[in-house]
Amino acid sequence: MKKTRPILWILILAAVASAGYFGWQKYGSPDAGKSQTAQKGPPRASAIPVSVAPVQKVDFPVYLTGLGTVQGFNTVQVRTRVDGQIDKIAFTEGQIAKEGELLASIDPRPYQATLDQAKAKKAQDEASLANANLELQRAMKLGEFATAQRVDTQRSTVAQLTAQIAADEAAIANAQTQLDYTQVKAPITGVAGLRQVDVGNIVNASTQTGIVTITQVEPISVIFTAPEDQLPYISEGQKAGALKVIAFTTDGKKTLAEGKLAVINNQVDTTSGTIRLKAVFDNKDHTLWPGQSVSTRLLVRTLKDATVVPDDAVQHSTNGLYAYTVNQDNKAEVRKIKVSYAIDGRSVVDEGLTPGQQVITGGQFKVQPGSLVSTAVASSDPGQNKVRRE
5 MKKTRPILWI LILAAVASAG YFGWQKYGSP DAGKSQTAQK GPPRASAIPV SVAPVQKVDF
65 PVYLTGLGTV QGFNTVQVRT RVDGQIDKIA FTEGQIAKEG ELLASIDPRP YQATLDQAKA
125 KKAQDEASLA NANLELQRAM KLGEFATAQR VDTQRSTVAQ LTAQIAADEA AIANAQTQLD
185 YTQVKAPITG VAGLRQVDVG NIVNASTQTG IVTITQVEPI SVIFTAPEDQ LPYISEGQKA
245 GALKVIAFTT DGKKTLAEGK LAVINNQVDT TSGTIRLKAV FDNKDHTLWP GQSVSTRLLV
305 RTLKDATVVP DDAVQHSTNG LYAYTVNQDN KAEVRKIKVS YAIDGRSVVD EGLTPGQQVI
365 TGGQFKVQPG SLVSTAVASS DPGQNKVRRE
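And the structure:
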């Protein structure tokens, strides 16, 4: 019994040592770690998150952008046509004055007196003519007892008085016209500006100072320019009908009105290489105002079935323009492209892309050719998140 105990302890210690050595070989040695890593393989590269959009085939409107100035369709500085004192101002500054409405009145008494005098002169001459006609009839009844000279003289008197009455009628018409001019009326329908005279002022027909300026704002016009190299396209488009013109605020953020191109100027400005154009707008809501600066867009033509991508997909380099596409393996590919037009955040691609491809619109700064990407596209469903991962 005493001899077997040492042997038993020796066997236990040997078993513990063997187990420790086996564990160190499997888990503790550097070679063991390398073998496990070799079994797992190399670490997989993480995908780069990007935003994508489809390459579309749509009709693309081509606009010419520019700056323009709003002008009243008609502008009239209302002046007096007779001299006198202002008795009444009948308009309010800024109001819409209708054609024929009274704006101001001038003291009419001197002109009324002139008219009455002309009428009285006509009545006097009519009485004289009536008497001359009676004298002529009596002379003609005398027959051979009246001399030919007397008859001829009486006939001449009748003719003179008849002409005098015609002159009296002209004088009456002139006096009536001068009297009418004391009532200053609006020649057109438009917005009345600031008053330039007050009640009691003496006005003269010979002075340049007016009473008020009236500007027609319905319709209204916008004068703007376009490059001369676009003139053939503008002329060609006009043959098919009036070209649409859109007026925006100068920052281009708010649409003000839509109108039609009305006039192409008769010559090109050789100093700037531009052509002046005139567009007309109905302006029923008065969003356009004379003297206002606006940004304009002239619809020259519409490209049918154009290849269109968002502007954010177009990248610039020293070798030209390019875009990243995503293939079926979710890897990025570089495509050299040619762009002809870029309007409203969209670009027309003439070469390099085909409809249906996916182009990267965000996150390109991390992407290299062949990079694995994780795409995110816009969702039109309001119940879902705005970005959907694929």
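When you line the sequence shown up against my numbering, it's residues 5 to 394, in that order.
Cβ coordinates follow ideal geometry from the N, Cα and C atoms, glycine included.
**Prompt:** Per DSSP, what kind of secondary structure is Ile169 in: helix, strand or coil?
**Reply:** As a first step, residue 169 must be located in the sequence shown, where it is residue number 165. Ile169 falls in the helix class under three-state DSSP.
**Asked** So Leu235 is in the alpha helix (DSSP H); what residue range does that whole segment cover?
**Response** Residue mapping note: residue 235 aligns to position 231 of the sequence shown, counting from 1. Taken as a continuous stretch (DSSP letters only), the alpha helix (DSSP H) holding Leu235 covers 235-244.
**Message:** Could you compute how far the alpha carbon of Glu355 sits from the alpha carbon of Pro223?
**Reply:** Residue 355 sits at position 351 when you count from the first residue of the sequence shown. Residue 223 sits at position 219 when you count from the first residue of the sequence shown. Cα-Cα distance, rounded: 44 Å.
**Message:** Buried or exposed, going by whether 16 or more other CB atoms sit within 10 Å of the CB of Asn287?
**Reply:** Working through the sequence shown from its first residue, we reach residue 287 at position 283. When all chains shown are included, Asn287 counts as buried.
**Message:** Per DSSP, what are the beta-bridge partners of Gly70 in this structure?
**Reply:** In the sequence shown, counting from the first residue as 1, residue 70 sits at position 66. Paired residues: Thr300.
**Prompt:** By how many angstroms is the C-alpha of Pro112 removed from the C-alpha of Leu138?
**Reply:** By one-based count along the sequence shown, residue 138 stands at place 134. By one-based count along the sequence shown, residue 112 stands at place 108. Straight-line Cα distance between these residues: approximately 40 Å.
**Message:** Measuring CB atoms only, is the segment 82-99 touching the segment 207-224, in the sense that at least three cross pairs come out at less than 8 Å?
**Reply:** yes
**Message:** Let me make sure I understand the geometry here. Which of Val284, Ala327, Ala101 has the alpha-carbon closest to that of Gln372?
**Reply:** The residue labelled residue 372 in the question sits at position 368 within the sequence shown. For Gln372, the nearest C-alpha among the options comes from Ala327.
**Request:** Determine contact between the segment 100-114 and the segment 230-247, defined as no fewer than three beta-carbon pairs at a distance below 8 Å.
**Result:** no
**Prompt:** Can at least three beta-carbon pairs, one atom from the segment 75-82 and one from the segment 340-349, be found at a separation below 8 Å?
**Reply:** no
**Asked** Relative to the alpha-carbon of Ala196, which residue among Lys282, Asp273, Thr96 has its alpha-carbon at the smallest distance?
**Response** The residue labelled residue 196 in the question sits at position 192 within the sequence shown. Comparing Cα positions, the closest option is Thr96.
**Message:** Would Asp63 and Thr306 qualify as a contact pair, given that the criterion is a beta-carbon distance under 8 Å?
**Reply:** Numbered from 1 along the sequence shown, position 59 holds the residue referred to as residue 63. Numbered from 1 along the sequence shown, position 302 holds the residue referred to as residue 306. Closer than 8 Å, so yes.
**Prompt:** Mapping DSSP to helix, strand and coil, what is Asp91?
**Reply:** Residue numbering aside, residue 91 sits at position 87 when the sequence shown is read from its first letter. DSSP places Asp91 in strand when its eight states are reduced to three.
**Prompt:** Exposed or buried, Thr219, counting other C-beta atoms within 10 Å across all chains shown (16 or more means buried)?
**Reply:** The sequence position of residue 219 within the sequence shown is 215, counting from 1. Result: buried.
**Prompt:** With distances taken from CA atoms, which of Ser351, Ser378, Lys92 is nearest Asn366?
**Reply:** Within the sequence shown, residue 366 is the residue found at index 362, counting from 1. The amino acid occupying residue 366 in the given sequence is Gly; Asn does not appear at that position. Answer by Cα proximity: Ser378.
**Request:** Return the Cβ separation of Glu103 and Ala175 in integer angstroms, given the expectation that the two are a contact with Cβ distance under 8 Å.
**Result:** One-based indexing of the sequence shown puts residue 103 at position 99. One-based indexing of the sequence shown puts residue 175 at position 171. Contact doesn't hold; Cβ gap of about 29 Å is too wide.
**Request:** Tell me where the beta strand (DSSP E) around Glu337 begins and ends.
**Result:** One-based indexing of the sequence shown puts residue 337 at position 333. Unbroken beta strand (DSSP E) run through Glu337: 336-340.
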